[in-house]
Amino acid sequence: MPNEVIITAAGWGKTTHLAAKARAHEEGRVALVTYTTNNVQEIKNKLFELDRALPAYAEVWSWYRFLLHEMARPYQRALLDRRVDGLYWVEGRSAPYVPRKNTAPFFLTPDGQIYSDKIARFVFECNEATGGAVMARLEERFRTIFVDEIQDMAGYDLELLELILRSKIDLLMVGDHRQATYSTNNAAKNGAFAGRNIIAKFREWEKAALLTVTYGQETRRCNQLIADFADSFYADEPKTISKNTATMGHDGVFLISNKSVPDYVAQYKPQVLRLDRRTPCDGHFAMNFGEVKGMTFDRVLIFPHKKGRQWLASGDYRHVTDSAAKMYVGITRARHSVTFVLDEQSGLSSLVRYD
Numbered sequence: 324m325p326n327e328v329i330i331t332a333a334g335w336g337k338t339t340h341l342a343a344k345a346r347a348h349e350e351g352r353v354a355l356v357t358y359t360t361n362n363v364q365e366i367k368n369k370l371f372e373l374d375r376a377l378p379a380y381a382e383v384w385s386w387y388r389f390l391l392h393e394m395a396r397p398y399q400r401a402l403l404d405r406r407v408d409g410l411y412w413v414e415g416r417s418a419p420y421v422p423r424k425n426t427a428p429f430f431l432t433p434d435g436q437i438y439s440d441k442i443a444r445f446v447f448e449c450n451e452a453t454g455g456a457v458m459a460r461l462e463e464r465f466r467t468i469f470v471d472e473i474q475d476m477a478g479y480d481l482e483l484l485e486l487i488l489r490s491k492i493d494l495l496m497v498g499d500h501r502q503a504t505y506s507t508n509n510a511a512k513n514g515a516f517a518g519r520n521i522i523a524k525f526r527e528w529e530k531a532a533l534l535t536v537t538y539g540q541e542t543r544r545c546n547q548l549i550a551d552f553a554d555s556f557y558a559d560e561p562k563t564i565s566k567n568t569a570t571m572g573h574d575g576v577f578l579i580s581n582k583s584v585p586d587y588v589a590q591y592k593p594q595v596l597r598l599d600r601r602t603p604c605d606g607h608f609a610m611n612f613g614e615v616k617g618m619t620f621d622r623v624l625i626f627p628h629k630k631g632r633q634w635l636a637s638g639d640y641r642h643v644t645d646s647a648a649k650m651y652v653g654i655t656r657a658r659h660s661v662t663f664v665l666d667e668q669s670g671l672s673s674l675v676r677y678d
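To convert a position in the sequence shown, counted from 1, into this note's numbering, add 323.
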């Protein structure tokens, strides 16, 4: 199997695709790797749906557990004189004033846990220090590695993925850089390829003949009106093609005034979404864009944040540059309708006023 990255539209079915690929695998062991524990469970659920059991030759890992157990610990003595006891999650950058020459405090907490933002670098340096032994062992362990949510990878993760691309292991990665709402770390390494810009790294690898970049442009979730509206955040990307042709009598993307929201909620029972908890939602139960990633709803009602309201009113996408990925995620959760709460008129001609 040639190395490949598939850039998928929201609702394409990437997790199902990976599970089916793993199930059909006929040679050697495979690893299915993803960023979050929620996605680990989602992959396992898909495998159970297909076979009612996990294939004996398949292992499902979260990215950090994979790095720790399969790559860091086997050769930890190449850099340290003690065991790496676990992983210490870091939101920003760990031990910023510790120089690299002080190896143990640079990589580890005082009680021996490795900083999450440095584990990929630790693995990379272990591989260099052992003359490639880390990768040689990985080649013995797995014939194929599947990576889900590839857009979340950052920093030295990309260096490790390139090592795998150059190895005997087949690598298939899937994801959508338009949904880059998380990041495995905030390391400075490969900062130019963080978030949605990871697509540039894929193109770099493709130019070096390390993989092919393909697109999964179909969505089985959103109708075409919703897909077109979501695509407007990323106008230079290939257009999404909807396979959802159902008509429900209230289909597309709408505006609604605050006074009409109670009746609308009573009639259509949409899932209320917002950027984060700072956005007031008139007492309605709401979920943040980031936490609904991977979910599907028939209808969503979005209470926009301040810059979201400015974007809706003016039609100027520069207002939502920083939140585009989360907005895209929120909009593409819906099958049939997306409705924004806004009293004033909109500068976006594609929006239809409901009331």
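Glycine included, every Cβ here is placed at the ideal spot set by N, Cα and C.
- Which of helix, strand or coil does DSSP assign to S555? Working through the sequence shown from its first residue, we reach residue 555 at position 232. Under the three-state reduction of DSSP output, S555 falls in the helix class.
- Query: Do you know offhand how far T453's Cα is from E350's?
  - Reply: Locating residue 453 in the sequence shown gives position 130, where the first residue counts as 1. Locating residue 350 in the sequence shown gives position 27, where the first residue counts as 1. In a straight line, the C-alpha of T453 is about 28 Å away from that of E350.
- Just mark D586 as buried or exposed, buried being the case when its beta carbon has 16 or more other beta carbons within 10 Å. Within the sequence shown, numbered from 1, the residue matching residue 586 stands at position 263. By the neighbour-count rule (16 or more Cβ atoms within 10 Å), D586 is not buried but exposed.
- For H392, does the count of other Cβ atoms within 10 angstroms reach 16, so buried, or fall short, so exposed? By 1-based counting over the sequence shown, the position of residue 392 is 69. With fewer than 16 other Cβ atoms inside 10 Å of its own Cβ, H392 counts as exposed.
- Task: Can you tell me which of R405, P603, L373 and V497 puts its alpha carbon nearest to the alpha carbon of V356?
- Result: Taking the first residue of the sequence shown as 1, we reach residue 356 at position 33. V356 has its Cα closest to that of V497, out of R405, P603, L373 and V497.
- When burial is assigned at 16 or more other CB atoms within 10 Å of the CB, is S673 buried or exposed? In the sequence shown, residue 673 corresponds to position 350, counting from 1. It counts as exposed.
- Query: What are the residues that DSSP puts in a beta bridge with Y538?
  - Reply: Reading the sequence shown from its first residue, position 215 is the one you call residue 538. Y538 pairs with I330.
- Is T360 helix, strand or coil by DSSP? On the sequence shown, residue 360 is found 37 positions in, with the first residue counted as 1. Look at T360 here: in three-state DSSP terms it is helix.
- Residue environment, A347, which counts as buried when at least 16 other CB atoms sit within 10 Å: Working through the sequence shown from its first residue, we reach residue 347 at position 24. Under this definition A347 is an exposed residue.
- Tell me whether G575 is buried or exposed, calling it buried when 16 or more other Cβ atoms sit within 10 Å of its Cβ. On the sequence shown, position 252 is the one that residue 575 refers to. Within 10 angstroms of the beta-carbon of G575 lie 16 or more other beta-carbons, which makes it buried.
- Item | Residues of its chain near M650, where Cβ-Cβ distance is below 6 Å and the 5 sequence neighbours each way are ignored | For the purposes of this step, residue 650 is taken as residue 327 along the sequence shown, with counting starting at 1. Cβ within range, chain order: V643.
- Item | Boundaries (first-last residue) of the beta strand (DSSP E) holding F663 | Here residue 663 corresponds to residue number 340 of the sequence shown, with the count starting at 1. From DSSP, the beta strand (DSSP E) with F663 extends over A657 to V664.
- Query: By DSSP, does R501 sit in helix, in strand, or in coil?
  - Reply: Position 178 of the sequence shown, counted from the first residue, corresponds to residue 501. DSSP places R501 within a helical segment (H, G or I) once states are collapsed to three.
- Report yes if the C-beta distance between E482 and F447 is below 7 Å; otherwise report no. For the purposes of this step, residue 482 is identified with residue 159 of the sequence shown, where counting begins at 1. For the purposes of this step, residue 447 is identified with residue 124 of the sequence shown, where counting begins at 1. Taking 7 Å as the Cβ cut-off, E482 and F447 qualify as a contacting pair.
- Can you tell me the Cβ-Cβ gap for G478 and A443, rounded? I've got them flagged as a contact below 8 Å. Position 155 of the sequence shown holds residue 478. Position 120 of the sequence shown holds residue 443. About 6 Å separates the two Cβ atoms, so the contact holds.
- Task: Can you grab the Cα-Cα spacing for the pair R641 / T662, in whole Å?
- Result: Walking along the sequence shown from the start, residue 641 turns up at place 318. Walking along the sequence shown from the start, residue 662 turns up at place 339. Between R641 and T662, the alpha-carbon positions lie close to 21 Å from each other.
- Message: For the structure I just gave you, are there three or more beta carbon pairs, one from the segment 588-607 and one from the segment 627-639, closer than 8 Å?
- Response: Cβ pair count under 8 Å is three or more, so yes.
- Strand pairing of Y411, partner residues [DSSP]: For the purposes of this step, residue 411 is taken as the residue at position 88 of the sequence shown. DSSP, once it has assigned bridges, lists Y438 as partnering Y411.
- Item | contact_flag[the segment 455-473, the segment 425-440] where n(CB pairs < 8 Å) is 3 or more | No, the segment 455-473 is not in contact with the segment 425-440.
- Any 3 or more C-beta pairs closer than 8 Å across the segment 484-492 and the segment 375-391: Taking one beta carbon from each stretch, the segment 484-492 and the segment 375-391 have fewer than 3 pairs nearer than 8 Å; the two do not touch.
- For E463, the three-state DSSP class (helix, strand or coil): Within the sequence shown, residue 463 is the residue found at index 140, counting from 1. If DSSP states are grouped into helix, strand and coil, E463 belongs with the helices.
- Compare the beta carbon distance of K369 and A342 with 7 Å and say whether it is the shorter of the two. Locating residue 369 in the sequence shown gives position 46, counting from the first residue. Locating residue 342 in the sequence shown gives position 19, counting from the first residue. Against a cut-off of 7 Å, the Cβ pair of A342 and K369 comes out as a contact.
- 8 Å contact criterion, which R388 and Q399 should meet: CB distance rounded: Taking the sequence shown and counting its residues from 1, the one referred to as residue 388 is at position 65. Taking the sequence shown and counting its residues from 1, the one referred to as residue 399 is at position 76. Incorrect: roughly 15 Å between the Cβ atoms, too far for contact.
- the segment 459-469 in contact with the segment 500-518 per 3-pair CB rule at 8 Å: Short answer: they don't touch.
- Message: Taking a contact to mean a Cβ-Cβ separation below 7 Å, would you say R656 touches F608 in this structure?
- Response: Here residue 656 corresponds to residue number 333 of the sequence shown, with the count starting at 1. Here residue 608 corresponds to residue number 285 of the sequence shown, with the count starting at 1. No, the Cβ-Cβ distance between R656 and F608 is not below 7 Å.
- Quickly, what does DSSP pair D493 with across the bridge? List them, please. Your numbering for residue 493 matches position 170 in the sequence shown. Bridge pairing for D493: T467 [DSSP].
- Which residues in the same chain have their Cβ closer than 8 Å to the Cβ of D434, if we skip the five residues on either side of it in sequence? Taking the sequence shown and counting its residues from 1, the one referred to as residue 434 is at position 111. Once the five neighbours on either side are set aside, the close Cβ partners of D434 are D408.
- Item | Exposure of D639, with buried meaning 16 or more beta-carbon neighbours within 10 Å | Against the sequence shown, residue 639 aligns to sequence position 316. Exposed, because fewer than 16 other Cβ atoms sit within 10 Å of the Cβ of D639.
- Message: Just to confirm before moving on: does the CB-CB distance between E372 and L495 stay below 7 Å?
- Response: In the sequence shown, the residue the question calls residue 372 occupies position 49. In the sequence shown, the residue the question calls residue 495 occupies position 172. For E372 and L495, no; Cβs fall outside 7 Å.
- Message: Given a cut-off of 7 Å on the beta-carbon distance, is the pair R543 and K562 in contact?
- Response: One-based indexing of the sequence shown puts residue 543 at position 220. One-based indexing of the sequence shown puts residue 562 at position 239. Against a cut-off of 7 Å, the Cβ pair of K562 and R543 comes out as no contact.
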